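Undergrad: The letter at position 70 of the sequence shown is residue 142 when you use the numbering used here, and the numbering goes up by one with no holes.
Note that CB positions come from ideal geometry on N, CA and C, so glycine has one too.
This structure is a prediction, so every number in the text was calculated from the model and none was measured.
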Amino acid sequence: MKESGEIRRQVLVAGADLYFQKVLVQLLEVHGFDTLTASSSQGVIQKAETLDIDLIILGEDFSGHQGFDVCRQLKSSGKTETIPVVIVTSTSDAENRVRGYHSGADDCVSKNFEKEELLARMEALWRRKNGTFKAHQEDRRKKILDELTRIIDQGLIEPHFQPIYYLQPFRLFGMEVLSRPRGATFLSNPEELFKTALKYDLYYPLELLCWRKALSVISSRTKTDHIFFNCSPHIIENKDFSSVRAIFEESRIPLGNIVLEITE
73 MKESGEIRRQ VLVAGADLYF QKVLVQLLEV HGFDTLTASS SQGVIQKAET
123 LDIDLIILGE DFSGHQGFDV CRQLKSSGKT ETIPVVIVTS TSDAENRVRG
173 YHSGADDCVS KNFEKEELLA RMEALWRRKN GTFKAHQEDR RKKILDELTR
223 IIDQGLIEPH FQPIYYLQPF RLFGMEVLSR PRGATFLSNP EELFKTALKY
273 DLYYPLELLC WRKALSVISS RTKTDHIFFN CSPHIIENKD FSSVRAIFEE
323 SRIPLGNIVL EITE
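#1: For I155, which of L146, D273, T161, T163 has the nearest alpha-carbon?
#2: What is the residue span of the beta strand (DSSP E) that F301 lies within?
#3: So, under 8 Å CB-CB, A286 and V249 are touching, yes? Tell me the CB distance rounded to an integer number of Å.
#4: On a Cα-Cα basis, can you pick out the residue from G227, S251, E121, F245 that is closest to F66?
#5: Helix or strand or just coil, what does DSSP make of L100?
#6: Quick one: give me the first and last residue of the alpha helix (DSSP H) that G115 is part of.
#7: Start and end of the beta strand (DSSP E) containing Q234?
#8: With H, G and I counted as helix, E and B as strand and the rest as coil, what does DSSP make of F105?
#9: Rounded to whole angstroms, what's the CA-CA distance from V142 to S113? Just pull it up for me.
#10: Based on the DSSP secondary-structure assignment, which residues constitute the bridge partners of C180?
#11: By a C-beta neighbour count over all protein chains shown, 10 Å radius and 16 as the cutoff for buried, is N168 buried or exposed?
#12: Give me the Cβ distance between Y275 and S304, rounded to the nearest whole Å; I'm assuming they're in contact under 8 Å.
#13: Between which two residues does the alpha helix (DSSP H) holding E248 run?
#14: Using only alpha-carbon positions, find the residue among C282, E264, F185 that is nearest to A120.
#15: Kindly identify the DSSP beta-bridge partner or partners of G131.
#16: Going by DSSP, which residues form a beta bridge with Q93?
#17: Relative to the ligand SAH, is the shortest distance from any of its heavy atoms to the C-beta of T109 smaller than 7 Å?
#18: Output needed for E153: all residues of its chain with C-beta closer than 6 Å, excluding positions within five of it in sequence on either side, in chain order.
#19: Look at the alpha carbon of C282 and the alpha carbon of T296, and state the distance between them as a whole number of angstroms.
#20: Measure the alpha-carbon distance for A86 versus E132 and round it to whole angstroms.
#21: Spell out the partners DSSP gives I334 in its beta bridges.
#22: Starting from A286, follow the beta strand (DSSP E) in both directions and report where the run begins and ends.
#23: Return the CA-CA distance between S149 and L228, expressed in angstroms with no decimal places.
#24: So, is F245 buried or exposed, given that buried needs 16 or more other C-beta atoms within 10 angstroms?
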């Protein structure tokens, strides 16, 4: 999402320690960063190669791999070598820091880091990066924006419907609408698709496309079940929300059966 004309920086937080990963994500998002996560070495490499990542924070250990090895892979690939990498080590001893730097890490911190120090180190890394990184990121951002625009303009969204049941008596209560891109695309993960759309200020047209696609399929099938649509607060707060209501009014589903489920 854009703020003051700027695209928010996106940080990939990766490692096997899911609790620590969650703590880092909360810290970064409070300070205005967008975040993605990965818990496997393959996930780190795949996201770093295809998505718009401004910095990677790597845990020291992964299942079957060490963070040092993952860092070495990132820094040996032309697709990812310019992305700043910070390795978080389990201890503060010099040996681990030296291993991190030898693996190509741009910085190393221990798990007991001071919050403000980590944020300051991240900013310092971005300041030190030369124009090569900026050009690399601009090229990647253009590719991502082009792909996102292609999906929206060509309507490449496939709706899926997840049933929701009453427990007593056991019967169908309604359907939750889930949407994902159709066809081969590096934005095939729905969570990453919507996060990317939010970052590039295209969430509104993407979500409306998803709703229209779902309504075109389900409106002819049901007039009694409740239909749940995931909805960002950004849409509710949008000045054009009246046009959103019109989408549902045009369907054959009674408005009383439509539920907008607010998601963050």
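TA: Here's the rundown:
#1: L146
#2: 298-303
#3: 4 Å
#4: With the chain represented from 73 up to 336, any question about residue 66 goes unanswered, as that position is not in the structure.
#5: helix
#6: 113-122
#7: 229-238
#8: coil
#9: 6 Å
#10: I159
#11: buried
#12: 6 Å
#13: Here E248 belongs to no alpha helix (DSSP H); instead the beta strand (DSSP E) covers 243-253.
#14: E264
#15: V160
#16: Beta-bridge pairing links Q93 to no other residue.
#17: This structure simply doesn't include the ligand SAH, nor any ligand for that matter.
#18: K147
#19: 21 Å
#20: 9 Å
#21: C303
#22: Unbroken run through A286 is the alpha helix (DSSP H), 275-290; no beta strand (DSSP E).
#23: 31 Å
#24: exposed
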